[in-house]
Amino acid sequence: MADDSTLPPGQYELASFPRFGLSRFADRLPDVAQQIRLTVAGDVEAQAVVSEELRDLPRVEQVSDFHCVTTWSTRSLCWGGYLFSDFFNGIVAPQARPQRAAQLVVLRCCDGYAVSLPLADLMAGSVLLADRLNGEPLSVEHGAPLRLVAPAHYGYKNAKHLRSVEFWTDARRYRSAAFRFMDHPRARVALEERGRGVPGRLLRYLYRPLVAPTIRRFKRALDRHRKLHDDGIQEILGKKD
Numbered sequence: 361m362a363d364d365s366t367l368p369p370g371q372y373e374l375a376s377f378p379r380f381g382l383s384r385f386a387d388r389l390p391d392v393a394q395q396i397r398l399t400v401a402g403d404v405e406a407q408a409v410v411s412e413e414l415r416d417l418p419r420v421e422q423v424s425d426f427h428c429v430t431t432w433s434t435r436s437l438c439w440g441g442y443l444f445s446d447f448f449n450g451i452v453a454p455q456a457r458p459q460r461a462a463q464l465v466v467l468r469c470c471d472g473y474a475v476s477l478p479l480a481d482l483m484a485g486s487v488l489l490a491d492r493l494n495g496e497p498l499s500v501e502h503g504a505p506l507r508l509v510a511p512a513h514y515g516y517k518n519a520k521h522l523r524s525v526e527f528w529t530d531a532r533r534y535r536s537a538a539f540r541f542m543d544h545p546r547a548r549v550a551l552e553e554r555g556r557g558v559p560g561r562l563l564r565y566l567y568r569p570l571v572a573p574t575i576r577r578f579k580r581a582l583d584r585h586r587k588l589h590d591d592g593i594q595e596i597l598g599k600k601d
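Residues 361 to 601 in our numbering are what the sequence shown lists, from first letter to last.
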């Protein structure tokens, strides 16, 4: 499969936007409510819980490409939500008051996944807390009710099903969900920071054979989840009759 010269180094285009991730998370589809509830914690003066406050922030839409570390990309996704910088300046800073030295941000998810990024990277103008995709509310498939969108970073940094945002001074507060070599501290697409201690160019050849079987595995898990959900609705309706 040839790489596309109009995409970042080592990437090729997929027409679809599949559910994807580490294999052990395939069946972890959280039964999340559509109401957002986001805890702000860590080295802060006051822990905060954010829900309706997000609506006071300006909404933005952004069209950007999504680049998976395993070498596939999906172009021109339209996300809707809130700039992380607005979230930080408008809610986190005045309410939780993180320590100035708390420059490591850990994002934890309802399915047990977690990622970290430097605060400076999250303050970039392209980083969103998104609740809509292509004009529709986020589905559980793509991270409902709220996810991170950071187009300059590989997909594994774009955490789904967000439940907390933590600000830490000590990097030991974060433990990667993957093997250490698979988790670069920044994972910048333009620099091909696919992993830690291994050249990104080499990781292309490790990851690419995993793409098709991983897509199939996650699709089967999603189909099972949908069937269980539909069966549950039918059972409830049957009891009402």
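By construction, the Cβ of each residue, glycine as well, lies at the ideal position given by its N, Cα and C atoms.
Backbone secondary structure at residue i - three-state DSSP
{"i": "G450", "result": "helix"}
{"i": "S524", "result": "strand"}
{"i": "V509", "result": "strand"}
{"i": "T434", "result": "strand"}
{"i": "G441", "result": "strand"}
{"i": "D491", "result": "strand"}
{"i": "P368", "result": "coil"}
{"i": "E373", "result": "strand"}
{"i": "A408", "result": "strand"}
{"i": "A531", "result": "helix"}
{"i": "V549", "result": "coil"}
{"i": "L467", "result": "strand"}
{"i": "Q594", "result": "At Q594 the pLDDT is 46, less than 50, meaning the model places this residue with poor confidence and gives no usable figure here."}
{"i": "A386", "result": "coil"}
{"i": "P573", "result": "helix"}
{"i": "V392", "result": "coil"}
{"i": "A474", "result": "strand"}
Within 8 Å, strictly: CB atoms of residue i and residue j
{"i": "L417", "j": "R523", "result": "no"}
{"i": "Q463", "j": "L489", "result": "no"}
{"i": "T434", "j": "R568", "result": "no"}
{"i": "E526", "j": "G402", "result": "yes"}
{"i": "C438", "j": "V420", "result": "no"}
{"i": "A547", "j": "K517", "result": "yes"}
{"i": "G515", "j": "V429", "result": "yes"}
{"i": "G381", "j": "F578", "result": "yes"}
{"i": "A474", "j": "V466", "result": "yes"}
{"i": "A375", "j": "Q407", "result": "no"}
{"i": "F444", "j": "V487", "result": "yes"}
Alpha-carbon spacing of residue i relative to residue j, whole angstroms
{"i": "P369", "j": "E405", "result": "42 Å"}
{"i": "R532", "j": "V400", "result": "18 Å"}
{"i": "T366", "j": "D425", "result": "12 Å"}
{"i": "E373", "j": "D446", "result": "31 Å"}
{"i": "F556", "j": "A386", "result": "Note that residue 556 corresponds to Arg in the displayed sequence, not to Phe. When rounded, the distance between both Cα atoms is 24 Å."}
{"i": "I575", "j": "P378", "result": "7 Å"}
{"i": "V500", "j": "A519", "result": "13 Å"}
{"i": "K448", "j": "L389", "result": "Per the sequence presented here, residue 448 reads as Phe, with Lys not at that position. Cα-Cα distance, rounded: 28 Å."}
{"i": "L506", "j": "D543", "result": "22 Å"}
{"i": "Q594", "j": "L588", "result": "Reliability of the predicted coordinates at Q594 is poor, the pLDDT of 46 falling under 50, and no value is obtained from them."}
{"i": "G485", "j": "L551", "result": "19 Å"}
{"i": "E496", "j": "L562", "result": "37 Å"}
{"i": "H642", "j": "D491", "result": "Residue 642 is absent from the structure shown; the chain starts at 361 and stops at 601."}
Nearest neighbour of residue i, chosen from the options [CA to CA]
{"i": "Y442", "options": "F380, R561, M483 and T434", "result": "M483"}
{"i": "Y534", "options": "T574, G472 and K579", "result": "G472"}
{"i": "R460", "options": "V509, V409 and D530", "result": "D530"}
{"i": "L477", "options": "P559, Q394, A510 and D583", "result": "A510"}
{"i": "V392", "options": "V549, H521, S486 and G560", "result": "H521"}
{"i": "S436", "options": "K587, L493 and S499", "result": "L493"}
{"i": "L508", "options": "S536, C469 and R561", "result": "C469"}
{"i": "I396", "options": "H513, L414 and V452", "result": "L414"}
{"i": "P458", "options": "W528, Q394 and R564", "result": "W528"}
Residue i: first and last residue of the uninterrupted alpha helix (DSSP H) it sits in
{"i": "A480", "result": "L479 to L482"}
{"i": "R564", "result": "G560 to Y567"}
Range covered by the beta strand (DSSP E) that runs through residue i
{"i": "G555", "result": "Premise fails: G555 is in no beta strand (DSSP E) and is neither H nor E."}
{"i": "G402", "result": "L398 to G402"}
{"i": "E421", "result": "V420 to H427"}
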